[in-house]
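Here our numbering is used: the sequence shown runs in plain steps of one and ends on residue 231.
Backbone N, C-alpha and C fix where the C-beta goes; we use that ideal spot for every residue, glycine too.
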Amino acid sequence: MLAYLKGKAIAIVKSLNGRVLLWLEVQGVGYEIQIPSRWGRHITLETGEEMQVFTHQQVREDAFILYGFESVAERDLFRHLISVSGIGSQLAIALIDTLGIADLVQAIVAGNINTLSKTPGVGKKTAERISLELRTKLAQWREKSGVVLSGNSPLPSPEIQADVEMTLLALGYDNDEIEQAFSVLSGDAQLMKNPAPEEWIRSAIAWLSQ
């Protein structure tokens, strides 16, 4: 399997079905790679400099398709998305294009169905399925991959953190689970304004129980 390609961007073209394709020349061979349109808008063709494209290849009976991404994290997120039942490659690309990697991961982990549903082709049931199947995986993956929350969301006050941590530890949750809960809940603007530890504890237990 191809992990990445490094070469010169020759052209960015749009196919008849609206897909954005990068033509990448690698040692005299031209590769056609479908990429997210938001990345395509920032690729400069004039410089002639080499660029690195992290790839996912799909082999079908009637086609060999390459998908390309700006980073390993974006490529891995794409792979997580297509692992969900009913989510194909084009819908995964649409999710990344509509929300961007940080907002998309945050919406999935926090179970923000309204945000996920902003993507064309993603209804409420599909959004719920994506969040249900990926929220725990992505909460763990986000920490390892270095994906930061949109807006660099702060943590609650040390007092709230201490109260929540003691309660959750007493209930049998481990430190990794508690850190994941803080990471997710800190993206909730309304909760961040709430100084009551009890509300944080209830929210954390609700998220960890799902």
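Whether residue i touches residue j by CB criterion (9 Å)
i, j, result
"Ser178", "Pro141", "no"
"Glu220", "Leu212", "yes"
"Lys145", "Ile129", "no"
"Ile242", "Leu137", "Nothing about residue 242 can be read from this structure; the chain reaches only from 22 to 231."
"Thr76", "Gly61", "no"
"Ile33", "Leu87", "no"
"Ile122", "Ala84", "no"
"Leu23", "His101", "no"
"Gly208", "Gln78", "no"
"Gln231", "Gly132", "yes"
"Glu164", "Pro218", "no"
"Val74", "Ala115", "no"
Limits of the unbroken alpha helix (DSSP H) element including residue i
i, result
"His101", "Val93 to Ile103"
"Leu159", "Lys145 to Ser166"
"Gln211", "Ala210 to Met213"
"Ala24", "That residue, Ala24, is in no alpha helix (DSSP H); it is neither H nor E in DSSP."
"Ala225", "Pro218 to Leu229"
Pick from the options that is closest to residue i, judged by C-alpha positions
i, options, result
"Gln48", "Gln78, Phe203, Leu26 and Arg156", "Leu26"
"Ala30", "Ala24, Ser36, Val50 and Leu23", "Val50"
"Leu159", "Phe99, Thr119 and Leu66", "Phe99"
"Lys35", "Ala113, Arg59, Ser92 and Leu102", "Arg59"
"Thr147", "Val185, Ser106 and Trp162", "Ser106"
"Met187", "Arg163, Leu125 and Ile226", "Ile226"
"Val80", "Ser110, Ser92 and Arg96", "Ser110"
"His63", "Glu71, Asp124 and Glu91", "Glu91"
"Ser166", "Lys214, Asp184 and Arg96", "Arg96"
Start-to-end residues for the beta strand (DSSP E) that takes in residue i
i, result
"Gln73", "Glu71 to Val80"
"Ile108", "Run containing Ile108: none; DSSP gives neither H nor E here."
"Leu192", "Element bounds for Leu192: n/a, residue is neither H nor E."
"Leu87", "Phe85 to Phe90"
Distance cut-off 8 Å: residue i Cβ against heavy atoms of the ligand SAH
i, result
"Gln55", "Among the components of this structure there are no ligands whatsoever, and the ligand SAH is therefore not found."
- Message: So within the stretch 110-137, which uninterrupted alpha helix (DSSP H) runs reach at least 4 residues, ignoring any that extend past its ends?
- Response: 110-131 and 134-137
- Message: Quick check: the stretch 53-64 against the stretch 28-43, are at least 3 beta-carbon pairs closer than 8 Å?
- Response: yes
- Could you name each continuous alpha helix (DSSP H) segment of 4 residues or more that falls completely within the stretch 33-77, going from the start of the chain to the end? 58-61
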